[in-house]
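As structure tokens, the structure follows; a few thoughts come after it.
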Amino acid sequence: MSDEDPAKPALQLKSQKFRDAREKDWRTLSRALDRLDQGKLNSFSTDELLNLPVLYRSAVSSLSMARSISLDRNLIGYLQGLCARAYMGIYGPHARFKDILTGYFGRQWPESVRRIGPEFLLSLACLVIGIVAGWLLCAGDQSWYSALVGEDMSGGRNLSASAADLKKTLEGSTDGLAVFSVFLMSHNTQVSIFAFALGVIAGIPTALLILHNGMLLGAMLWLFARQGLLVDFAGWLSIHGTTELLAIVLAGAAGFHMARRIMFPGNLTRKAALVDAGKLTGSVMLGVAIMLLLAGLLEGFGRQLITDTSARFGIGAVMLVTWTVYFTQVGRRLTLKFEEADHGRA
Numbered sequence: 001m002s003d004e005d006p007a008k009p010a011l012q013l014k015s016q017k018f019r020d021a022r023e024k025d026w027r028t029l030s031r032a033l034d035r036l037d038q039g040k041l042n043s044f045s046t047d048e049l050l051n052l053p054v055l056y057r058s059a060v061s062s063l064s065m066a067r068s069i070s071l072d073r074n075l076i077g078y079l080q081g082l083c084a085r086a087y088m089g090i091y092g093p094h095a096r097f098k099d100i101l102t103g104y105f106g107r108q109w110p111e112s113v114r115r116i117g118p119e120f121l122l123s124l125a126c127l128v129i130g131i132v133a134g135w136l137l138c139a140g141d142q143s144w145y146s147a148l149v150g151e152d153m154s155g156g157r158n159l160s161a162s163a164a165d166l167k168k169t170l171e172g173s174t175d176g177l178a179v180f181s182v183f184l185m186s187h188n189t190q191v192s193i194f195a196f197a198l199g200v201i202a203g204i205p206t207a208l209l210i211l212h213n214g215m216l217l218g219a220m221l222w223l224f225a226r227q228g229l230l231v232d233f234a235g236w237l238s239i240h241g242t243t244e245l246l247a248i249v250l251a252g253a254a255g256f257h258m259a260r261r262i263m264f265p266g267n268l269t270r271k272a273a274l275v276d277a278g279k280l281t282g283s284v285m286l287g288v289a290i291m292l293l294l295a296g297l298l299e300g301f302g303r304q305l306i307t308d309t310s311a312r313f314g315i316g317a318v319m320l321v322t323w324t325v326y327f328t329q330v331g332r333r334l335t336l337k338f339e340e341a342d343h344g345r346a
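Mapping to UniProt numbering: the sequence shown position 25 is 25, numbers consecutive.
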């Protein structure tokens, strides 16, 4: 006499009939999801794309029926997995890491920089004014140099240094230059972070930071000019400075934008305006971090490998032109297409 439950064969038969009636659609959906997982979205025809939600709803309906009539657990488990995959495949995010990078560098970053154009000009003006002020103050009273450029920052570039001493600090083999370069990189990174973060305080600390950084640079330019080494120092600075100083100006612009949106939120609440500004400036600041890293690489390798002043100026000019073209031109067509699409939907 068998101990087998007489209801079990009936349940298996019911499950098999249920599967036979619907399995074709399940397999079609599963194959489509496999193609999605392999990144072959472009291989779908219009009809196939339109049919995906239909197949998904059919699978969900099958799962609901299977549960209601208590079919076997294996079938219910299969349908649960299929429905979960289908939901993520159809309604979940499809952006791959490559697409995210392309979107950021190809449109989001340069477009974000263009949107803070007025603040960029203000930040640039603060830097230029600071450079001129630092030079003029030191030219009028040499004691200003020590006040503006601390001992850690000077790295041997002080009022008592001779032209030969200053010249050595610009040579690629100088150990002191490596220490100074690391300090300068750290200093400029801190300036960039604080120039952005302190923008929420009406932008005043941001302006003061950019002005002070400019005054420091102006004082050092004056020191080298006094010894007839202005061109040499400017060449050494340009190889990485065109990227590094631009990053500082962008960080200041991001801070000014935060200040403007908080003080003048327009039709939004200040909280909403701050959130909106944070998204924009966050994109800018991510790029600033990349620029500072690139500037460090340029300075590190350039200092060792390139000692000719003309070559240094050449690299600095190439970087400046590259950044200018990138921020003013890249992504414009894509942005216009998105705007036209938005107008069309409206």
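C-beta atoms are modelled at their ideal positions from N, C-alpha and C, and glycine is treated no differently.
Fair warning: this is a prediction, and the values are worked out from it, not measured in the lab.
As assigned by DSSP and simplified to three states, the class of residue i
i: residue 306; result: coil
i: residue 265; result: coil
i: residue 283; result: helix
i: residue 28; result: helix
i: residue 149; result: coil
i: residue 40; result: coil
i: residue 158; result: coil
i: residue 169; result: coil
i: residue 141; result: coil
i: residue 330; result: coil
i: residue 116; result: coil
Closest residue to residue i among the options (Cα-Cα distance)
i: residue 79; options: 137, 69, 241, 63; result: 63
i: residue 145; options: 216, 257, 229; result: 216
i: residue 284; options: 259, 255, 269; result: 255
i: residue 221; options: 267, 194, 139, 192; result: 139
i: residue 191; options: 250, 202, 306, 258; result: 250
i: residue 327; options: 291, 302, 295, 306; result: 291
Cβ neighbour criterion (16 or more within 10 Å) applied to residue i
i: residue 282; result: exposed
i: residue 65; result: exposed
i: residue 213; result: buried
i: residue 118; result: exposed
i: residue 31; result: exposed
i: residue 260; result: buried
i: residue 110; result: buried
i: residue 48; result: exposed
i: residue 39; result: exposed
Same chain, Cβ closer than 6 Å to residue i, neighbours up to 5 away in sequence not counted
i: residue 58; result: 25
i: residue 319; result: 242, 243
i: residue 360; result: The requested residue 360 does not occur in the structure, where the chain is confined to residues 1 to 346.
i: residue 211; result: 126, 130
Same chain, Cβ closer than 7 Å to residue i, neighbours up to 5 away in sequence not counted
i: residue 236; result: 170, 312
i: residue 28; result: 55
i: residue 53; result: 90
i: residue 227; result: 163, 166
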